[in-house]
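Engineer:
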Amino acid sequence: MKTTNRLMTFARPLAAAMALAGLAALAGCDDANSKAQPAAPAGPPITAATVIERSVNETQEFSGRLEAVDRVDIRARVNGFITSVNFKPGSVVKKGDILFVIDPRPYQAEANRAEAAVSSARARADLAKLELARAERLLGDKAIAQREFDEKASGLKELDANVRAAQASLEAARLNLSYTNVHAPIGGRVSKAEVTTGNLVDGTVILTSVVSSNPIYATFDGDEDTYLRVGRVAQKGATVPVKIGLANESGFPHEGKLEFVDNRLDSATGSVRMRAMFDNTDNTLVPGLFARVQLSGSDSTQAKTVLISDRAIGTDQNRKFVYVIGADSKAEYRAVTLGPSIDGLRVVRSGVKPGEKIVVNGLQRVQPGAPVTAQIVAMDQDSKAPQAKADDTRTAEPKSADAKAEVKPELKVADASAKTKE
Numbered sequence: 514m515k516t517t518n519r520l521m522t523f524a525r526p527l528a529a530a531m532a533l534a535g536l537a538a539l540a541g542c543d544d545a546n547s548k549a550q551p552a553a554p555a556g557p558p559i560t561a562a563t564v565i566e567r568s569v570n571e572t573q574e575f576s577g578r579l580e581a582v583d584r585v586d587i588r589a590r591v592n593g594f595i596t597s598v599n600f601k602p603g604s605v606v607k608k609g610d611i612l613f614v615i616d617p618r619p620y621q622a623e624a625n626r627a628e629a630a631v632s633s634a635r636a637r638a639d640l641a642k643l644e645l646a647r648a649e650r651l652l653g654d655k656a657i658a659q660r661e662f663d664e665k666a667s668g669l670k671e672l673d674a675n676v677r678a679a680q681a682s683l684e685a686a687r688l689n690l691s692y693t694n695v696h697a698p699i700g701g702r703v704s705k706a707e708v709t710t711g712n713l714v715d716g717t718v719i720l721t722s723v724v725s726s727n728p729i730y731a732t733f734d735g736d737e738d739t740y741l742r743v744g745r746v747a748q749k750g751a752t753v754p755v756k757i758g759l760a761n762e763s764g765f766p767h768e769g770k771l772e773f774v775d776n777r778l779d780s781a782t783g784s785v786r787m788r789a790m791f792d793n794t795d796n797t798l799v800p801g802l803f804a805r806v807q808l809s810g811s812d813s814t815q816a817k818t819v820l821i822s823d824r825a826i827g828t829d830q831n832r833k834f835v836y837v838i839g840a841d842s843k844a845e846y847r848a849v850t851l852g853p854s855i856d857g858l859r860v861v862r863s864g865v866k867p868g869e870k871i872v873v874n875g876l877q878r879v880q881p882g883a884p885v886t887a888q889i890v891a892m893d894q895d896s897k898a899p900q901a902k903a904d905d906t907r908t909a910e911p912k913s914a915d916a917k918a919e920v921k922p923e924l925k926v927a928d929a930s931a932k933t934k935e
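Residue numbering for the sequence shown follows the numbering used here, beginning at 514 and increasing consecutively.
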């Protein structure tokens, strides 16, 4: 019994010592394992830039048509046979040029007859004046009655009226004679002749048409935002510059100004009719041509505008988005509403604020909520960034939020200068 107790007494401290040794060994293994663990990899390398804000005149582009300021259908004002056509189809004519000649002989004869009638009426009136003067002397000598004198005075007035009527007939005859020469009422480009020499025409027949060529209109439909931005300014008399380009031209080489804004918006389409005027001294702009219209704001329409690079914009089905880098270096998916392009940068209506940092290169490497390793560059210099390679794209599918489980520990954002120092 005593021997057994002694063994038990000796075994207890020994077991405790062995347990402590085992725990120490396990702790040492854990420390060794923790020291052997590799460092967490950094987030994917991307290029980021700071959202900027500038005072700019926004430009917007529309599709429009060129229209003539004046268009005239040429008709005959007297009946007769066409004796000559004095223009080439499609040529440019000046105001007053003779386009057609109608046989003038019947109208010349009518004018001659009217001239003879005027001469006859004047002769009768002159004779009546002499008789009235003679009657006036006789009346003073009381050689004739007052009634006879009054009749002669009334007869002279009637003959004077006949002279005026004959003169009016002569003017009408001469006017009809002048209508036998069909003149261009405006300067511009003439169409083809609808009738040829020898045809009988009257006032119901359109002989040809002329459209003015200088200046010329470009008509287009602006949206509600455009109306609110520049329409009211134009209606107050401020100059709003407009540029156009034809289908075979690059850019917008023709400069003009907004000339007309309609007085209401079309409720069905949400658009308002606008019209700009352009100089066309070289006749290169032809009515009816399609034109690309670029509408700019005036100095009074300048406003603070948020601008980003097109490289930063991704497409998610029918939405546009950017990745905003937060203070924790994690990328945040942010839907944006875009405007026109100005000086190589895109206007942002909503979604980001000036001063925020957004990914401009490497969109495909980014996952929403995941950390990134960013190199900061200027917004207008992002095309020079080293990350702007094959994986730089405007269209990138945002990754699922579930991908956060695979994200490695984050690495803080460092700008290019800090990276160089390291």
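Ideal placement from N, C-alpha and C gives every residue a C-beta, glycine not left out.
Might you give, ordered along the chain, the residues of its own chain that have their beta carbon closer than 8 angstroms to the beta carbon of Val605, omitting 5 neighbours on each side?
Structural biologist: Within the same chain, Cβ atoms closer than 8 angstroms to the Cβ of Val605 are found at Gly700, Gly701, Arg702, Val703, Ser726 and Asn796, the five residues on either side in sequence being excluded.
Engineer: Between Ile838 and Ala581, is the Cβ-Cβ spacing less than 8 angstroms?
Structural biologist: no
Engineer: Give me the Cα-Cα distance between Phe773 and Ala751, rounded to the nearest whole angstrom.
Structural biologist: 12 angstroms
Engineer: Over what stretch of residues does the alpha helix (DSSP H) that includes Ser780 continue unbroken?
Structural biologist: Taken as a continuous stretch (DSSP letters only), Ser780 belongs to no alpha helix (DSSP H), as it is neither H nor E.
Engineer: Would you call Asn793 buried or exposed, if buried means 16 or more other Cβ atoms sit within 10 Å of its Cβ?
Structural biologist: Of the residues assessed, Asn793 falls on the buried side of the cut-off, its CB having 16 or more other CB atoms within 10 angstroms.
Engineer: If we call anything under 8 angstroms between Cβ atoms a contact, is Leu771 one with Ala789?
Structural biologist: yes
Engineer: So, is Leu688 buried or exposed, given that buried needs 16 or more other C-beta atoms within 10 angstroms?
Structural biologist: exposed
Engineer: For Gly609 and His696, what's the separation of their Cα atoms in angstroms?
Structural biologist: 5 angstroms
Engineer: Just mark Ala816 as buried or exposed, buried being the case when its beta carbon has 16 or more other beta carbons within 10 Å.
Structural biologist: If you draw a 10 Å sphere on the C-beta of Ala816, you find fewer than 16 other C-beta atoms in it, and that means exposed.
Engineer: Put Thr710 into one of helix, strand or coil per three-state DSSP.
Structural biologist: Three-state result, Thr710: coil.
Engineer: Considering only the alpha carbon of each residue, which of Glu649, Ala678 and Asp654 lies closest to Glu664?
Structural biologist: Glu649
Engineer: DSSP state of Gly600, grouped into three classes?
Structural biologist: According to the sequence as given, residue 600 is Phe; it is not Gly. Residue state, collapsed to three classes: coil.
Engineer: Would you please state the rounded distance, in angstroms, between the beta carbons of Pro853 and Glu566? I believe it to be under 8 angstroms.
Structural biologist: Between Glu566 and Pro853 the Cβ distance is about 16 angstroms, and since that is not below 8 angstroms, they are no contact.
Engineer: Give me the residue from Val819, Lys601 and Thr782 with the minimum Cα distance to Ser722.
Structural biologist: Residue Lys601 is the option with its Cα nearest to Ser722.
Engineer: Taking only runs that begin and end inside the segment 785-835, name each unbroken alpha helix (DSSP H) of 4 or more residues, in chain order.
Structural biologist: none
Engineer: Between Arg590 and Gly716, how many whole angstroms is the CB-CB distance? I'm expecting something under 8 angstroms.
Structural biologist: 6 angstroms
Engineer: Can you tell me whether DSSP reads Val743 as helix, strand or coil?
Structural biologist: helix
Engineer: From the DSSP output, in three-state form, read off Pro698 for me.
Structural biologist: coil
Engineer: Closest to Ala646 by CA distance: which of Leu720, Ala636, Ala622 and Ala666 is it?
Structural biologist: Ala666
Engineer: Buried or exposed for Thr886, please, with buried defined as at least 16 other CB atoms from any protein chain shown within 10 angstroms of its CB.
Structural biologist: buried
Engineer: Hey, how far is the Cα of Val755 from the Cα of Arg824?
Structural biologist: 28 angstroms
Engineer: Assuming Glu791 and Gly769 make a contact with CB atoms under 8 angstroms, what is their CB distance in whole Å?
Structural biologist: Inspection of the sequence shows that residue 791 is occupied by Phe rather than by Glu. Correct: roughly 4 angstroms between the Cβ atoms.
Engineer: Short of 8 angstroms in beta carbon distance, which residues of its chain neighbour Arg832, apart from the five on each side in sequence? Order them along the chain.
Structural biologist: Ala848
Engineer: So, using beta-carbon positions, are Leu858 and Leu820 closer together than 8 angstroms?
Structural biologist: In this structure, Leu820 lies closer than 8 angstroms to Leu858 by Cβ.
Engineer: In whole angstroms, what separates the C-alpha of Ala706 from that of Asn625?
Structural biologist: 32 angstroms
Engineer: Who are the Cβ neighbours of Val585 in its own chain at under 7 angstroms, not counting the five residues just before and after it?
Structural biologist: Pro698, Ile699, Ser722 and Val723
Engineer: Sort out for me which residues DSSP pairs Gln680 with in a bridge.
Structural biologist: The bridge partners DSSP lists for Gln680 come to none.
Engineer: Less than 8 angstroms between the beta carbons of Ile757 and Ala804, yes or no?
Structural biologist: yes
Engineer: Exposed or buried, which one is Ser632 when buried takes at least 16 other CB atoms within 10 Å?
Structural biologist: exposed
Engineer: Have a look at Gly801 and Ala883 and give me their C-alpha separation to the nearest angstrom.
Structural biologist: 55 angstroms
Engineer: Report the three-state DSSP secondary structure of Glu580 (helix, strand or coil).
Structural biologist: strand
Engineer: DSSP puts Gln888 in a beta bridge; with which residues?
Structural biologist: Thr560
Engineer: Under three-state DSSP, which class holds Ser590?
Structural biologist: This sequence places Arg at residue 590; Ser is not what is there. Three-state DSSP puts Arg590 in coil, outside helix and strand.
Engineer: Specify whether the segment 649-659 and the segment 611-625 touch according to this definition: at least 3 beta carbon pairs, one from each stretch, less than 8 angstroms apart.
Structural biologist: no
Engineer: What would DSSP say about Glu574, mapped onto helix, strand or coil?
Structural biologist: strand
Engineer: If you draw a straight line from the alpha carbon of Gly577 to that of Ser822, how long is it in whole angstroms?
Structural biologist: Cα to Cα, Gly577 sits roughly 28 angstroms from Ser822.
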